[in-house]
Amino acid sequence: MKSRKSFSELLALARSYKAITLVFSPQIDSLVSASLLLRLLKDEDVDVQLAPFYEATKPIDTRSPILLLGVFQRSVVSGYKVLHLDDFVGRDPRSSLSLSLYILKNLKDIWIVPQELEVLVLAALLSRAQSSIYDEKLLQVHEQLLREAVSRGVYEVVDTLRLFGYPHAPLSEALERTLEPYIRGISLNKDGVIEFLKRLGLYDSILRSEDRERLVNELEAVVVDYARSKVELYGSKIVLKSTTLIDDVYELVYILHTAIDSGDIEKLLIIGIEPQLLDAFRVRYVMLKHDIRRVVDSILAGEIHPKRIVLRGAYVSLIELDTDLKRIPLFTIHKILRGLGIVESLTIFKDSEGYAVPLQMIEPRWPLDMEFNVVGGAALFKSIEEVAKVVQY
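Sequential numbering from 7 applies to the sequence shown in the numbering used here.
Structure below.
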């Protein structure tokens, strides 16, 4: 039986080599994990090299260990000392539990973790949701790990409106900011929000319990017109107790998704050292909202029809767009549609030049047996057969 290693053994190993290479995937949980380790190892004077799994064919220093973070090892690689982070933090590699939560739990035995990093880990946890980020089962399976890893002074779980920024932000602002669930005519639409609230007599008014019930019924009546899965706009939600850096962890998930979609992976890797970079990511997020609204509204209006196709025995969604895919935050759009039940767990995008797959949907295996062209946060392919070889089903 394989004996479990400890986190302190990993640190001792890194110190002894004075160098380590972290191989990560461009998924939020893996990126946050890499960022936390980068901050820790820099403090230990360890030279840290970082490599996304899809650059595995490029030369990597063989003199130092290679640590895989949420990345599967496809085959034995001679000449390399390959380690798996799961072995050092007590996580079953077959588990769907958040890797960064395990790291945070171990970090608390070493140093005082800044609150903004705990919030990042909460976002990483929520990013693992397969459908809605409000999936209550996700919190249930992480319940014990959350208690052990995240300080209770950081957040609380309360029953409230599931709107981005609420209850810290005013109702009108929260409605406009909300991307999940996407409320047609209201999300990203300030004029639509004002018109909606005035019609209900709730604009600039204090929301009473009876008003809240009426508001939820009206909003859900809008969403049910196009959603294919159940959407609940009132229910349990993680609410941050401090709003110094970010006021809503659910919106933070989408901010991080748009950063990955924009190709800001190198900046995301140092967010554990420079959390203030979140301000820059938020600006990019706001800039992309016009493109997000245009594409999502077109799909909800029936102007663009996602197709359901079979790829290697699995159902996937195919969306054809008449715009340059390299400019569109593809995974962010997928997540919005997935939260509504409109697309499958895997979405492929197509334009006149070929196919695009968000990097977060590429199976993170190392070393990679097939290279592909990466532009921004997507991998580009000429044929659907090429796509079938690399995606994560």
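Virtual Cβ for every residue (Gly too), placed ideally from N, Cα, C.
Keep in mind that this is a model prediction, so the values were computed, not measured.
Bridge partners - residue i, DSSP secondary structure assignment
i: N379; result: L386
i: H90; result: L74
i: A20; result: Beta-bridge pairing links A20 to no other residue.
i: P364; result: A384
i: S178; result: Note: S178 sits in no beta bridge, so no partner.
i: P370; result: Note: P370 sits in no beta bridge, so no partner.
i: F202; result: According to DSSP, F202 bridges with nothing at all.
i: E122; result: Per DSSP, none; premise fails for E122.
i: E142; result: Its beta-bridge partners do not exist; DSSP assigns none.
i: Q55; result: T27
i: T184; result: Answer by DSSP bridge pairing: none, since T184 is not bridged.
i: D165; result: S242
i: Q150; result: In DSSP, Q150 forms no bridge with anything.
i: D357; result: G360
i: Q79; result: W372
i: V397; result: I368
Same chain, Cβ closer than 8 Å to residue i, five either side skipped, listed in chain order
i: D375; result: R80
i: V147; result: S102, L103
i: L44; result: L28, V54, L56, L275, I276, G278, I279
i: E179; result: G171
i: V397; result: L317, V322, L352, I354, V363, M367, I368, E369
i: V222; result: L167, L239, Y240
i: P281; result: P120, E122, L123, L126, L251
Beta-carbon gap between residue i and residue j smaller than 7 Å
i: V393; j: I354; result: yes
i: S106; j: I277; result: no
i: L294; j: T329; result: no
i: R234; j: I368; result: no
i: L169; j: T184; result: yes
i: W372; j: F30; result: no
i: G422; j: G198; result: The displayed coordinates of the chain run from 7 to 399. Any statement about residue 422 would go beyond what the structure contains.
i: E219; j: V160; result: no
i: I342; j: P32; result: no
i: G383; j: D297; result: no
i: L284; j: L246; result: no
i: K87; j: P71; result: yes
i: L75; j: L89; result: no
i: E182; j: K196; result: yes
i: V229; j: V237; result: yes
i: I244; j: V163; result: yes
Proximity to residue i [Cα-Cα], best of the options
i: I334; options: R318, L274, R290; result: R290
i: A286; options: L274, L343, G383; result: L274
i: S358; options: E219, K341, P373, F387; result: F387
i: Y260; options: K143, L206, G345; result: G345
i: V363; options: I192, Y140, V322; result: V322
i: Y188; options: V397, Y86, L239; result: L239
i: Y108; options: E182, F59, E272, S12; result: S12
i: I34; options: L181, L306, L126, V160; result: L126
i: Y4; options: G159, L145, Y86, E186; result: This structure does not reach residue 4, given that the chain is present from 7 up to 399, and the question cannot be answered.
i: S39; options: V77, T68, R69; result: V77
i: V156; options: K143, L144, Q121; result: Q121
i: G319; options: D303, I244, Y399; result: Y399
i: L262; options: R134, V222, L145; result: R134
i: R314; options: K204, I325, S304; result: I325
i: L46; options: G85, R69, D210, I116; result: I116
i: L213; options: E224, P176, L145; result: P176
Residues of its chain near residue i, where Cβ-Cβ distance is below 7 Å and the 5 sequence neighbours each way are ignored
i: V52; result: A20, R21, K24, A25, I26
i: E15; result: F94
i: G241; result: Y140, D165, R168
i: R97; result: L103, L105, Y108
i: L17; result: E50
i: G360; result: L386, F387, K388
i: E226; result: V237, L239
i: Q136; result: S351
i: T68; result: G85, Y86
i: R288; result: I261
i: L6; result: Absent from the structure is residue 6, since the part of the chain shown begins at 7 and ends at 399.
Sequence-distant residues of its chain with Cβ nearer than 6 Å to residue i (five each side left out)
i: R299; result: L194
i: H174; result: T249, D253
i: M7; result: The predicted position of M7 is uncertain, since its pLDDT is 41 and thus under 50; a value taken from the coordinates is nonetheless stated next. So no residue of the chain qualifies.
i: V381; result: K332
i: E350; result: Y321, V322, S323
i: K111; result: E154, A155
i: L6; result: As displayed, the chain neither begins before 7 nor continues past 399, which places residue 6 out of reach and without an answer.
i: Y232; result: L306
i: F337; result: H263, D267, P364, Q366
i: D92; result: P99
i: L151; result: L107
Distance cut-off 6 Å: residue i Cβ against heavy atoms of the ligand GDP
i: Y209; result: As presented, the structure is devoid of all ligands, the ligand GDP included, so that no description of it is given.
Quiz item: Of all the beta strand (DSSP E) runs that stay within the bounds of the segment 230-302, which reach a length of 3 or more residues?
Solution: As far as the segment 230-302 is concerned, its whole beta strand (DSSP E) runs of at least 3 residues are 240-246.
Quiz prompt | Runs of beta strand (DSSP E) wholly within the segment 308-350 (minimum 3 residues, chain order) | solution = Complete beta strand (DSSP E) runs here, min 3: 313-317, 320-326.
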